[in-house]
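Novice:
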Amino acid sequence: MKVKKEMNGRLEKKESLLWNAMHRFNPEAEQLVAVKGEGSWFTDESGKRYMDGVSGLWCLNLGHGREEIAEAAAEQMKNLSYFPLTMSHQPAIKLAAKISELLGEEYRTFFANSGSEANETAFKIARQYHNQTGNPQKYKIISRYRAYHGSTLGALSATAQANRRVKYDPTVPGFLHVYPPYSYRSIFNGSAEESDLKAAQLLEEMINWEGEETIAAFIMEPFISGGGVIIPSMKYIQRVSEICKQHNILLIMDEVVSGYGRTGKMFGFQQAAGVQPDMVTMAKGLTSGYLPLGATAVKSEIYDVFQKDGKDSHFRHVSTYGGHPAACAVALKNIEIIENENIIERVNNLAQSKLAELHQLIDHKNVGEVRQTGFLLGIEMVEDKESKTPLADEKLAKIIGLCKEKGLIIGKNGDTVPGHNNVIIAAPPLTSTEEDLDFLIDTLQSAIRSL
Ligand code: PMP
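Mapping of the sequence shown onto our numbering: position 96 corresponds to residue 102, and the numbering continues sequentially without gaps.
(1) Using beta carbons (cut-off 7 angstroms, strictly below), is Arg352 in contact with chain B?
(2) Between Met285 and Ser306, what straight-line distance do the alpha-carbon atoms span, to the nearest angstrom?
(3) If I'm right that Leu245 touches Ala206 with Cβ under 8 angstroms, what's the distance once you round it to whole angstroms?
(4) Is Ala164 closer than 7 angstroms to Ile230 when the C-beta atoms are compared?
(5) Quick check: does the Cβ of Gly232 come within less than 6 angstroms of any heavy atom belonging to the ligand PMP?
(6) Any heavy atom of the ligand PMP closer than 6 angstroms to the beta-carbon of Ile386?
(7) Do you know how far the Cα of Ala80 is from the Cα of Ala333?
(8) Is Glu227 near the ligand PMP, going by C-beta to nearest heavy atom under 6 angstroms?
(9) Could you check the C-alpha separation between Gln378 and Tyr266 for me, to the nearest Å?
(10) Gly328 to Gln134, Cα distance in whole Å?
(11) The alpha helix (DSSP H) spanning Asp442 covers which residue range?
(12) Classify Trp215 as buried or exposed, calling it buried when 16 or more other Cβ atoms lie within 10 Å of its own Cβ.
(13) Looking at the strands, I want to know which residues DSSP matches up with Pro142.
(14) List the whole-angstrom C-beta distance separating Lys241 from Leu203, where the pair is believed to meet the contact cut-off of C-beta under 8 angstroms.
(15) Check whether the Cβ of Gly121 lies closer than 6 angstroms to any heavy atom of the ligand PMP, and answer yes or no.
(16) Could you say which of Asp50, Gly71, Trp25 and Ser22 lies nearest to Val336 if we only look at CA atoms?
(17) Apply the 10 Å Cβ neighbour rule to Glu123 and answer buried if 16 or more other Cβ atoms are within range, or exposed otherwise.
(18) Using only the heavy atoms of the ligand PMP, determine whether one of them is closer than 6 angstroms to the beta carbon of Val235.
(19) By the DSSP assignment, the beta strand (DSSP E) with Tyr56 in it spans what residues?
(20) Which of the three DSSP states is assigned to Gly43 in this structure?
(21) Mind pulling the alpha helix (DSSP H) runs of 4 or more residues that sit fully within the stretch 53 to 129?
(22) Can you determine whether any heavy atom of the ligand PMP sits closer than 6 angstroms to the C-beta of Tyr56, and answer yes or no?
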């Protein structure tokens, strides 16, 4: 039978029937099959070891193999394997209290399973909040160009990267996109801070033109991660926060990547003094990727609006697995380790004493800018420093391929339009040893310098 034959042919080539895997971009490439992880390293089927320089998908904050986390999950599964949050269970109650403590003000938390769902939840809360506070026409959500906020249709609508959307349009109505604080390629003159503040001004202009009475929320990451590791001036974050307050627009801070120590604070926005978002969404580092969990933390005064007028005001949103007891138990253990092992202090120290060595690459002709906050680093690669033309895809592939050959997994991203994915990413586990970081730095430097 033809189908069977083809299947056999493929299977002989070692291609699996799994759809997700990235090697689909290059069918000739061998599919990497991981079998074991230890700290910042994993081993593939052939026994080759790799350092994971991007923490999986920026989520493996504590690295592989923490037995306490596995035990916390096993204990919880033995005790109460599943329970819906239409009622409640202790791990979710404890975790909600912990999240509120970490955010420094009283927040209520709604649990989901992923970052996309956490953002979807935030959009629905924002729309219903305004609906129930006498502003039913406030429904639009603003995000920034280059931002990534998830893959489901609502979160994708906030994701302003053309190439991720083009085959799925039309996306959800009511999502607008505004110019990002991207000083390296800004249309504005002046210092980085000045150009970022102009980007904030554009947000305000947009609100005025659209009519503030139509805008429900503004969603932002403190540091655009998937769109090329863009690090704005903290004044930008403070300014957009003020603008949102002035116009009764809820500020949703997407901490899916930047949360749980990645940037040298528990949450990235905490780098901007005085900023306290209305909602904070999180996933990834919340469990260090050990189990899926997403969360939308909402200021208590917003939550209160859902408690008035009896049943009609409640939030009509249910998730079968959201806040799974085992995932919450894992998150609690993950946070306990981050605190007990002073992981955040460690990130701050090693970000300066080790990872910052990668800034030396700025003397290379193809390096346009090196951007870093904590253990989140992006190297913008260009053909030459004057034109800032993004480095050709083949040259980027060569750098990433060389790293892989030497046993280092490293990523690249940008605005996802072909030819513009020219930012090399390093985001190693926060527990990486000094030797691991030396390996990452040396391997990446020599791959880039081989150009
Ligand atoms: N927000 C940001 C900033 C992200 O980077 C991601 C995932 N890369 C998401 C949301 C979506 O998270 P998930 O893949 O868990 O749905």
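Ideal Cβ placement from N, Cα and C applies to all residues, glycine included. All values derive from a computational prediction rather than experimental measurement.
Specialist: Quick answer:
(1) Judged by its chain identifiers, the structure shown contains no chain B, having just a single protein chain.
(2) Position 279 of the sequence shown holds residue 285. Position 300 of the sequence shown holds residue 306. Using only the alpha carbons, I get a separation of about 10 angstroms.
(3) Along the sequence shown, read from residue 1 onward, the residue named residue 245 stands at position 239. Along the sequence shown, read from residue 1 onward, the residue named residue 206 stands at position 200. Here residue 245 is Arg; the residue named in the question, Leu, does not match the sequence. Going by Cβ atoms, the distance from Arg245 to Ala206 rounds to 4 angstroms, so yes, they are a contact pair.
(4) On the sequence shown, residue 230 is found 224 positions in, with the first residue counted as 1. On the sequence shown, residue 164 is found 158 positions in, with the first residue counted as 1. No.
(5) The residue you call residue 232 lines up with position 226 of the sequence shown. True, at least one ligand heavy atom lies under 6 angstroms from that Cβ.
(6) Reading the sequence shown from its first residue, position 380 is the one you call residue 386. In the sequence as displayed, the identity of residue 386 is Glu instead of Ile. Because no heavy atom of the ligand PMP lies under 6 angstroms away, the Cβ of Glu386 does not count as near it: no.
(7) Indexing the sequence shown from 1 puts residue 333 at position 327. Indexing the sequence shown from 1 puts residue 80 at position 74. Their Cα atoms are separated by approximately 10 angstroms.
(8) Here the question's residue 227 lines up with position 221 in the sequence shown. Under cutoff, so the answer is yes.
(9) Taking the sequence shown and counting its residues from 1, one reaches residue 378 at position 372. Taking the sequence shown and counting its residues from 1, one reaches residue 266 at position 260. Each residue's alpha carbon lies about 17 angstroms from the other.
(10) Reading the sequence shown from its first residue, position 322 is the one you call residue 328. Reading the sequence shown from its first residue, position 128 is the one you call residue 134. Answer to the nearest angstrom: the Cα atoms are 20 angstroms apart.
(11) Looking up residue 442 in the sequence shown gives position 436. Segment Glu440 to Arg455, the alpha helix (DSSP H) holding Asp442.
(12) Walking along the sequence shown from the start, residue 215 turns up at place 209. Trp215 is exposed by the Cβ-count criterion.
(13) Locating residue 142 in the sequence shown gives position 136, where the first residue counts as 1. Answer is none; Pro142 lacks a bridge partner.
(14) Within the sequence shown, the letter at position 235 stands for residue 241. Within the sequence shown, the letter at position 197 stands for residue 203. Going by Cβ atoms, the distance from Lys241 to Leu203 rounds to 6 angstroms, so yes, they are a contact pair.
(15) For the purposes of this step, residue 121 is identified with residue 115 of the sequence shown, where counting begins at 1. It does: the Cβ of Gly121 is within 6 angstroms (strictly closer) of some heavy atom of the ligand PMP.
(16) Locating residue 336 in the sequence shown gives position 330, counting from the first residue. It is Gly71.
(17) Translated into the one-based positions of the sequence shown, residue 123 becomes position 117. By the neighbour-count rule (16 or more Cβ atoms within 10 Å), Glu123 is buried.
(18) Residue mapping note: residue 235 aligns to position 229 of the sequence shown, counting from 1. Val235: no, Cβ never under 6 angstroms from the ligand PMP.
(19) The residue given as residue 56 occupies position 50 in the sequence shown. Its beta strand (DSSP E) spans residues Arg55 to Asp58.
(20) Here residue 43 corresponds to residue number 37 of the sequence shown, with the count starting at 1. Looking at Gly43 - three-state DSSP - the assignment turns out to be strand.
(21) 61 to 64, 73 to 85 and 96 to 109
(22) In the sequence shown, counting from the first residue as 1, residue 56 sits at position 50. Checking the Cβ of Tyr56 against the ligand PMP gives no.
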